[in-house]
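Chemist: First the structure, then my questions, so here it is.
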Amino acid sequence: MHEGRIIKYFRKKAKLTQQQLGDGICSDTHVSKIERGMTEYSPEVTFLLSKRLGINIEEELSRFHNLKKILARWHDAIIMQRFEAIEIIKEELDNEELIQISEHQILYDLLRARYHLLRNNLIEADIITKNIQKAHRKLPPYESNLLKHILGMYYLANKDMIKAVNILRSINSDDYNNPEYYLTLSTAYLAVNSKIMAYYYAELSLQFFIKTNNYLRSIDAEMIMLITREGEGQCDFQKIVEQYEALIQTCDLCHAHDKKAKVLHNLAEEHYCRKDYKASSRLFHKSMLLKEKKSAEYLISLEAFIRCCFEGSILSKDKLEKLGNEGLVIAREINQGLHTINLQLLLLRINNQIAEYYHYLSTKALTYYKKCGYVSIVQRYEKELFNYHLKTRQIDDALKFADLLINNG
Numbered sequence: 001m002h003e004g005r006i007i008k009y010f011r012k013k014a015k016l017t018q019q020q021l022g023d024g025i026c027s028d029t030h031v032s033k034i035e036r037g038m039t040e041y042s043p044e045v046t047f048l049l050s051k052r053l054g055i056n057i058e059e060e061l062s063r064f065h066n067l068k069k070i071l072a073r074w075h076d077a078i079i080m081q082r083f084e085a086i087e088i089i090k091e092e093l094d095n096e097e098l099i100q101i102s103e104h105q106i107l108y109d110l111l112r113a114r115y116h117l118l119r120n121n122l123i124e125a126d127i128i129t130k131n132i133q134k135a136h137r138k139l140p141p142y143e144s145n146l147l148k149h150i151l152g153m154y155y156l157a158n159k160d161m162i163k164a165v166n167i168l169r170s171i172n173s174d175d176y177n178n179p180e181y182y183l184t185l186s187t188a189y190l191a192v193n194s195k196i197m198a199y200y201y202a203e204l205s206l207q208f209f210i211k212t213n214n215y216l217r218s219i220d221a222e223m224i225m226l227i228t229r230e231g232e233g234q235c236d237f238q239k240i241v242e243q244y245e246a247l248i249q250t251c252d253l254c255h256a257h258d259k260k261a262k263v264l265h266n267l268a269e270e271h272y273c274r275k276d277y278k279a280s281s282r283l284f285h286k287s288m289l290l291k292e293k294k295s296a297e298y299l300i301s302l303e304a305f306i307r308c309c310f311e312g313s314i315l316s317k318d319k320l321e322k323l324g325n326e327g328l329v330i331a332r333e334i335n336q337g338l339h340t341i342n343l344q345l346l347l348l349r350i351n352n353q354i355a356e357y358y359h360y361l362s363t364k365a366l367t368y369y370k371k372c373g374y375v376s377i378v379q380r381y382e383k384e385l386f387n388y389h390l391k392t393r394q395i396d397d398a399l400k401f402a403d404l405l406i407n408n409g
């Protein structure tokens, strides 16, 4: 059967008709049946047809049967985040023309989408997944769940947290033997402030990463577990700092600068929550230096650095305003709506434009946060708006936000 597929592919590539290919060997009807796997045929016939096409059918069959193994290696490299191996295997698959006639074509396309997500090429990933959904109404169980996993990662990258949680929750773990997705689900739950679920799935993913010696991804899981744990007192905080410092050492040993940047940022948030603005700003700045400047990740740390320096009176108004405007330029250039809104709010606060700040918050920012499913951010700003309207004696507006806080609390 596979011989027939291969012969058909190379016949079309050579621009031969079935009659031309079979001339002097067998009839065009027999060639057609061979290509469709509808007849028995002798090795002599396939040898002669292959010779006319200028191929070695045994070698081509070996390549064809090896495709599944190569795809499995590529998926494993992506899961393990072995970037050098990822690129080597990708090049090997890009040059493998038989993938076009393989039953693994869908898996290949899905992994290409996953590759683009890893490289933050969201547009390319979106195009591939939409083409798959358009061309295939029903996918095999594994591929169907892999598509859900990829879509979950895509929604997370686009800050659509509610969609991410919903589609990731619909994955059937019995059909999808890839516990790595627990980490993606944990990240989505964390984004909607569901800390118990975030911790639970982070711990499940950590068990998988330890079992598979995936130390890089273990860092991601442990970070979420640190963020979602509940601590009390200075003693607990010292233990938390020590855990973060241990993670930083692991990042250094693995040369994982991108993960080190995340760990530094999260440790900075711990200090910020305790109003230790000097330590916090120093760590946010360190995190920024490890990130690509024109990226959403950089903007996250930039916003935090500006906020920290503003509240701790560490930098002058002029310097803060300059940093905020630089961030706005980047956010607009890379089409980051969330960070554009966050930086606009920061700049209004820095410039003490109180009325404009609350107007922008209530009319634009809050709508955006709700749409994207930022539960904790929405709750925080609704409380802030309630206090503002109460303080300024705008009773009707205060009651509106009080009602929201009660019903959503």
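Take 1 as the starting number for the sequence shown in the UniProt record's numbering and just add one per residue.
Using N, Cα and C, we set each Cβ at its ideal position, and we do this for glycine too.
It should be emphasised that the depicted structure is a prediction, and the values quoted were computed from it without experimental measurement.
1) Can at least three beta-carbon pairs, one atom from the stretch 356-364 and one from the stretch 145-158, be found at a separation below 8 Å?
2) Between which two residues does the alpha helix (DSSP H) carrying Y298 extend?
3) Go to P141, then tell me how far its alpha helix (DSSP H) extends in each direction, as first and last residue.
4) Using alpha carbons as the reference points, say which of I240, L328, L98 lies closest to F64.
5) Below 6 Å CB to CB, which residues in the same chain sit around A256 once its five sequence neighbours on both sides are set aside?
6) Whether or not the stretch 258-270 and the stretch 281-296 are in contact is what I'm after, with contact meaning three or more pairs of Cβ atoms, one per stretch, closer than 8 Å; do they touch?
7) With a floor of 4 residues, list each alpha helix (DSSP H) that falls wholly inside the stretch 158-210, ordered by position along the chain.
8) Spatial neighbours of R349 within its chain, please: CB distance less than 8 Å, with the 5 preceding and 5 following residues excluded, ordered by chain position.
9) What span of residues does the alpha helix (DSSP H) with I101 cover, start to end?
10) May I ask you to report which of helix, strand or coil DSSP gives H136?
11) Just tell me which of I86, N95, Q105 has its CA closest to the CA of L118.
12) Assuming D126 and C372 form a contact by the criterion Cβ under 8 Å, report the distance between their Cβ atoms to the nearest whole angstrom.
13) Assuming contact is defined by CB atoms lying nearer than 7 Å, are A113 and I128 in contact in what I supplied?
14) For S218 versus F209, is the C-beta distance shorter than 7 Å?
15) Nearest CA to the CA of A135: which residue from L122, Q105, Y115?
16) Got a sec? Which residues, its chain only, sit under 6 Å from R11 by beta carbon, not counting five neighbours each side?
17) With a cut-off of 8 Å on the beta carbons, I'd call L366 and V378 a contact; round off their distance for me.
18) Tell me, to the nearest whole angstrom, how far the beta carbon of L122 is from that of N158; I am working on the premise that it is less than 8 Å.
19) May I ask which residues mark the beginning and end of the alpha helix (DSSP H) holding S287?
20) Kindly indicate the opening and closing residues of the alpha helix (DSSP H) around N266.
21) Mind reading off the beta-carbon distance from L302 to L328? Whole number of angstroms is fine, and I expect it under 8 Å.
22) Going by CA-CA distance only, name the one from S50, S205, K319, L168 that's closest to E180.
23) At what residues does the alpha helix (DSSP H) containing G327 begin and finish?
24) Give every residue of the same chain whose Cβ lies closer than 7 Å to the Cβ of M197, excluding the five residues on either side of it in the sequence, and list them in chain order.
25) Please state the DSSP three-state secondary structure of A246.
26) Can you round the beta-carbon distance between residue 417 and A268 to whole angstroms, since I take them to be within the 8 Å contact cut?
27) Distance check for L253 and E103, CA to CA, integer angstroms please.
28) Tell me the rounded alpha-carbon separation between M153 and Q18.
29) Which of the three DSSP states is assigned to R63 in this structure?
30) When the Cα atoms are used, what is the spatial distance from I162 to M225?
31) Buried or exposed, going by whether 16 or more other CB atoms sit within 10 Å of the CB of N325?
32) Would you say L107 and L67 are within 7 Å of each other, going by their C-beta atoms?
33) For N56, count neighbouring C-beta atoms within 10 Å of its own C-beta (all shown protein chains included) and say buried if the count is 16 or more, exposed if not.
34) What does the alpha-carbon distance come out to for the pair D76 and E92?
35) Please report the straight-line C-alpha distance between E292 and E96, rounded to a whole angstrom.
36) Quick check: what's the CA-CA separation for L49 versus I25?
Modeler: Judging by the given coordinates:
1) no
2) Taking the sequence shown and counting its residues from 1, one reaches residue 298 at position 298. Counting along the chain, the alpha helix (DSSP H) containing Y298 begins and ends at 296-311.
3) Locating residue 141 in the sequence shown gives position 141, counting from the first residue. It spans 141-157 - the alpha helix (DSSP H) in which P141 sits, taken as one unbroken run.
4) In the sequence shown, residue 64 corresponds to position 64, counting from 1. The candidate whose alpha carbon is nearest that of F64 is L98.
5) If you number the sequence shown from 1, residue 256 lands on position 256. Excluding residues within five positions, the ones whose Cβ falls inside 6 Å are L216.
6) yes
7) 161-169, 181-191
8) Counted from its first residue, the sequence shown places residue 349 at position 349. Taken in chain order, the residues that qualify are F310, Y357.
9) As a position in the sequence shown, residue 101 is number 101, starting the count at 1. Where I101 is concerned, there is no enclosing alpha helix (DSSP H), given that its DSSP letter is neither H nor E.
10) Locating residue 136 in the sequence shown gives position 136, where the first residue counts as 1. H136 falls in the coil class under three-state DSSP.
11) Position 118 of the sequence shown, counted from the start, is the residue given in the question as residue 118. Selected option, being the one with the closest Cα: I86.
12) Your numbering for residue 126 matches position 126 in the sequence shown. Your numbering for residue 372 matches position 372 in the sequence shown. Wrong, their Cβ atoms sit about 17 Å apart, outside the cutoff.
13) Counting from one through the sequence shown, the residue named residue 113 turns up at place 113. Counting from one through the sequence shown, the residue named residue 128 turns up at place 128. Yes, Cβ-Cβ distance for A113 and I128 is below 7 Å.
14) To locate residue 218, count along the sequence shown from 1; it is residue 218. To locate residue 209, count along the sequence shown from 1; it is residue 209. Yes, the Cβ-Cβ distance between S218 and F209 is below 7 Å.
15) Locating residue 135 in the sequence shown gives position 135, where the first residue counts as 1. Ranking the options by Cα distance to A135, first place goes to Q105.
16) As a first step, residue 11 must be located in the sequence shown, where it is residue number 11. Correct list, in chain order: L21.
17) Numbered from 1 along the sequence shown, position 366 holds the residue referred to as residue 366. Numbered from 1 along the sequence shown, position 378 holds the residue referred to as residue 378. Indeed, because the Cβ distance is near 7 Å, the residues count as touching under 8 Å.
18) In the sequence shown, residue 122 corresponds to position 122, counting from 1. In the sequence shown, residue 158 corresponds to position 158, counting from 1. Contact holds; Cβ gap of about 7 Å.
19) On the sequence shown, residue 287 is found 287 positions in, with the first residue counted as 1. Note, S287: alpha helix (DSSP H), 277-289.
20) Residue 266 sits at position 266 when you count from the first residue of the sequence shown. Counting along the chain, the alpha helix (DSSP H) containing N266 begins and ends at 257-273.
21) Working through the sequence shown from its first residue, we reach residue 302 at position 302. Working through the sequence shown from its first residue, we reach residue 328 at position 328. About 10 Å; that fails the 8 Å criterion.
22) For the purposes of this step, residue 180 is identified with residue 180 of the sequence shown, where counting begins at 1. E180 has its Cα closest to that of S205, out of S50, S205, K319, L168.
23) Indexing the sequence shown from 1 puts residue 327 at position 327. 317-333 is the span of the alpha helix (DSSP H), which, as asked, contains G327.
24) What you label residue 197 is simply residue 197 of the sequence shown in a count that begins at 1. Around M197: Y189.
25) By 1-based counting over the sequence shown, the position of residue 246 is 246. Of the three classes helix, strand and coil, the one that applies to A246 here is helix, per DSSP.
26) As shown, the chain starts at 1 and ends at 409. That puts residue 417 outside it, with no answer to give.
27) On the sequence shown, residue 103 is found 103 positions in, with the first residue counted as 1. On the sequence shown, residue 253 is found 253 positions in, with the first residue counted as 1. Approximately 41 Å, taken between the alpha carbons.
28) Locating residue 153 in the sequence shown gives position 153, counting from the first residue. Locating residue 18 in the sequence shown gives position 18, counting from the first residue. Taking the straight line from one Cα to the other gives about 46 Å.
29) The count along the sequence shown starts at 1 and reaches residue 63 at position 63. Three-state DSSP puts R63 in a helix.
30) The sequence position of residue 162 within the sequence shown is 162, counting from 1. The sequence position of residue 225 within the sequence shown is 225, counting from 1. Cα to Cα, I162 sits roughly 21 Å from M225.
31) For the purposes of this step, residue 325 is identified with residue 325 of the sequence shown, where counting begins at 1. Exposed.
32) Position 107 of the sequence shown, counted from the first residue, corresponds to residue 107. Position 67 of the sequence shown, counted from the first residue, corresponds to residue 67. No, these two residues do not count as a Cβ contact at 7 Å.
33) In the sequence shown, counting from the first residue as 1, residue 56 sits at position 56. The residue in question, N56, is exposed, as its Cβ has fewer than 16 Cβ neighbours within 10 Å.
34) Counting from one through the sequence shown, the residue named residue 76 turns up at place 76. Counting from one through the sequence shown, the residue named residue 92 turns up at place 92. Cα-Cα distance, rounded: 15 Å.
35) Your numbering for residue 292 matches position 292 in the sequence shown. Your numbering for residue 96 matches position 96 in the sequence shown. If you take the alpha carbons of E292 and E96, they lie about 33 Å apart.
36) Within the sequence shown, numbered from 1, the residue matching residue 49 stands at position 49. Within the sequence shown, numbered from 1, the residue matching residue 25 stands at position 25. About 7 Å.
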